[in-house]
Amino acid sequence: MASNTSMPSRTASSARRAVASRSGEWRLVACQDGVWAWGRPGVLVMNFCRARLTLYNEAMKSEVVSRLLELNRLFYQTHAGAFSATRGRVNPGVALLLARVPSDVRVLDLGCGNGSAAAFLNEQGFAGEYLGLDASAGLLEAARARGLGERYRFLQADLSQDWGNNLEMRNEKGKLDVGLCFATLHHIPGQALRLTMLQGARAVLKPGGLFFLSNWQFLNSPKLAGRVQPWAAAGLDDADVDENDYLLDWRAEETPGLRYVHLFDEAELAALAEEAGFRVVETFTADGETGDLGLYGVWQAS
13 MASNTSMPSR TASSARRAVA SRSGEWRLVA CQDGVWAWGR PGVLVMNFCR
63 ARLTLYNEAM KSEVVSRLLE LNRLFYQTHA GAFSATRGRV NPGVALLLAR
113 VPSDVRVLDL GCGNGSAAAF LNEQGFAGEY LGLDASAGLL EAARARGLGE
163 RYRFLQADLS QDWGNNLEMR NEKGKLDVGL CFATLHHIPG QALRLTMLQG
213 ARAVLKPGGL FFLSNWQFLN SPKLAGRVQP WAAAGLDDAD VDENDYLLDW
263 RAEETPGLRY VHLFDEAELA ALAEEAGFRV VETFTADGET GDLGLYGVWQ
313 AS
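Here the sequence shown is numbered in the numbering used here, starting from 13 and rising by one per residue.
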C-alpha cells in the first residue's frame with residue numbers, strides 16, 4: 013500500500029532503506045490500526061485507513077516557539093486564580109486513570125496545576141510519594157494550599173525546557189513508578205520540544221513504569237471550537253505554526269486571554285510514544301457531554 017502513496021523523493025528513498033536510527037535518519041515505524049509513522053528528523057504520519065497524509069514541521073522557528081511559550085506563560089500567570097476555580101475536580105477520564113494508581117508507589121505529575129490530581133489520590137488513600145511540577149507559580153500556590161501533607165511536593169519547573177536534567181530530577185532517574193501528564197503536552201509547541209519532554213518523563217520512570225496522559229479534543233465541542241481565534245491575534249500567521257496548532261481564547265474574566273494548543277490524533281501520539289521510549293498500551297476518549305473531549309493514553313516505559 014505504501015508504494016502507491018505519493019511521497020517526497022527524500023522520504024521515498026528512506027522508505028526503501030527503512031533505516032532504523034535515532035541519530036537523525038529516517039525510519040519506518042509500524043503503529044496500530046494500519047498507521048505508519050516516519051521518525052526523525054521530521055515526523056511524517058500516514059494514516060492509510062483515512063487516506064490522509066500530514067507533515068509536521070520539526071523545525072518550527074525558534075522565535076515562534078518562544079512566542080507561543082510566552083503566550084501560555086502569560087495566560088497562566090494572569091489567569092491562574094480564575095483558571096484554578098474552574099478546575100475544582102478532575103475530569104472523568106482522569107479519575108478513571110488515577111483509580112489505577114497503586115497506593116504505595118512514587119508518582120510524577122507533569123503540569124500538576126492546582127493539585128487536583130494529587131487531591132484525588134489523597135482522597136483514595138494514596139500512601140506513596142507524589143511530586144508535581146508546573147510552571148505557574150499561581151497554580152502551585154493553590155496546590156500547596158490544599159495542605160495534603162509532606163508526601164506531596166509541588167515544584168516550579170518549565171516543562172518546555174530540559175527539566176529532566178535538573179538536579180532534582182537527575183536524582184530520580186529510573187526510580188519513579190507512575191507518570192501523569194494531563195492536559196499539558198498539548199501546550200508544548202513544536203515536535204522537538206514535545207519529544208524532549210516525553211524523553212525526560214521516560215528517563216525518570218522505571219522500566220515497565222506507566223505513563224498516563226490526556227490531550228484536549230476541543231474541536232469535538234461546538235462551543236469550544238467557537239473559541240478558536242486567528243493567529244493574527246497573537247501576531248502570527250498560519251505559515252508560522254504547525255498543522256493542527258490552534259489559538260484559543262479565554263472568556264471567564266473581563267480581561268480576555270489567549271492560549272496555544274496543539275490538537276493531537278492517535279497516530280501522532282503513537283509516533284511520539286515510540287520515539288520517546290514508550291509502548292502504547294491503551295487509548296480511549298472521555299469527558300464532556302459526548303464523551304470525547306479528551307484523548308487519553310496509557311503508555312509503558314520500554
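Where is the CB? At the ideal position from N, CA and C, for every residue including glycine. The model shown is predicted, which means the values in this text are computed figures rather than measured ones.
Quiz item: Are Tyr142 and Leu151 touching if we call contact CB-CB under 8 Å?
Solution: Sequence index remark: in the sequence shown, residue 142 carries index 130 (1-based). Sequence index remark: in the sequence shown, residue 151 carries index 139 (1-based). Cβ atoms of Tyr142 and Leu151: not closer than 8 Å.
Quiz item: So, Gly191 versus Ala213, is the Cβ gap smaller than 8 Å?
Solution: On the sequence shown, position 179 is the one that residue 191 refers to. On the sequence shown, position 201 is the one that residue 213 refers to. Closer than 8 Å, so yes.
Quiz prompt | Among Arg239, Ser233, Leu231, Thr90, nearest to Ala147 - alpha-carbon criterion | solution = The residue labelled residue 147 in the question sits at position 135 within the sequence shown. Of the listed residues, the one whose Cα sits closest to Ala147 is Thr90.
Practice problem: Give the straight-line distance between the Cα atoms of Arg165 and Gly127, rounded to the nearest whole angstrom. | Solution: Walking along the sequence shown from the start, residue 165 turns up at place 153. Walking along the sequence shown from the start, residue 127 turns up at place 115. Distance between the alpha carbons of Arg165 and Gly127: 10 Å.
Exercise. Closer than 8 Å by C-beta to Asp304: which residues in its own chain qualify, once you throw out the five before and the five after it? Chain order, please.
Key: Position 292 of the sequence shown, counted from the first residue, corresponds to residue 304. Contacts found: Gln229, Asn232, Thr297, Ala298.
Self-check item: Buried versus exposed, by CB contacts within 10 Å (16 or more), Leu208
Solution: By one-based count along the sequence shown, residue 208 stands at place 196. The amino acid occupying residue 208 in the given sequence is Thr; Leu does not appear at that position. Buried.
Practice problem: Could you please give me the residues that DSSP links to Leu217 through a beta bridge? | Solution: The residue you call residue 217 lines up with position 205 of the sequence shown. Paired residues: Leu188.
Quiz item: When you compare each of Ser314, Ala313, Thr295 to Val106 by their alpha carbons, which one comes out closest?
Solution: Within the sequence shown, residue 106 is the residue found at index 94, counting from 1. Comparing Cα positions, the closest option is Thr295.
Quiz item: What is the rounded straight-line gap between the Cα of Trp262 and the Cα of Tyr308?
Solution: The residue labelled residue 262 in the question sits at position 250 within the sequence shown. The residue labelled residue 308 in the question sits at position 296 within the sequence shown. Distance between the alpha carbons of Trp262 and Tyr308 is about 23 Å.
Exercise. Out of Glu286, Asp121, Pro201, point me to the one whose CA is closest to Asn84's CA.
Key: For this step, residue 84 is matched to residue 72 along the sequence shown. The option with the nearest alpha carbon to Asn84 is Pro201.
Practice problem: Whole angstroms is fine: what's the gap from Arg118's alpha carbon to Gly144's? | Solution: By one-based count along the sequence shown, residue 118 stands at place 106. By one-based count along the sequence shown, residue 144 stands at place 132. Distance between the alpha carbons of Arg118 and Gly144 is about 11 Å.
Practice problem: Flag this pair as touching only if the segment 181–196 and the segment 233–244 have three or more C-beta atom pairs under 8 Å; answer yes or no. | Solution: no
Quiz item: Between which two residues does the alpha helix (DSSP H) carrying Phe276 extend?
Solution: As a working note, residue 276 is residue 264 in the sequence shown. No alpha helix (DSSP H) holds Phe276; DSSP gives it neither H nor E.
Exercise. Would you grab the beta carbon distance between Ala313 and Phe223 for me? Rounded to a whole angstrom, and I think it's under 8 Å.
Key: Here the question's residue 313 lines up with position 301 in the sequence shown. Here the question's residue 223 lines up with position 211 in the sequence shown. Contact flag correct, Cβ pair sits at about 7 Å.
Quiz prompt | Close beta carbons around Asp277, own chain, < 7 Å, minus the five adjacent residues each side | solution = For this step, residue 277 is matched to residue 265 along the sequence shown. If we look at Asp277 and ignore the five residues flanking it on each side, it has no Cβ neighbours.
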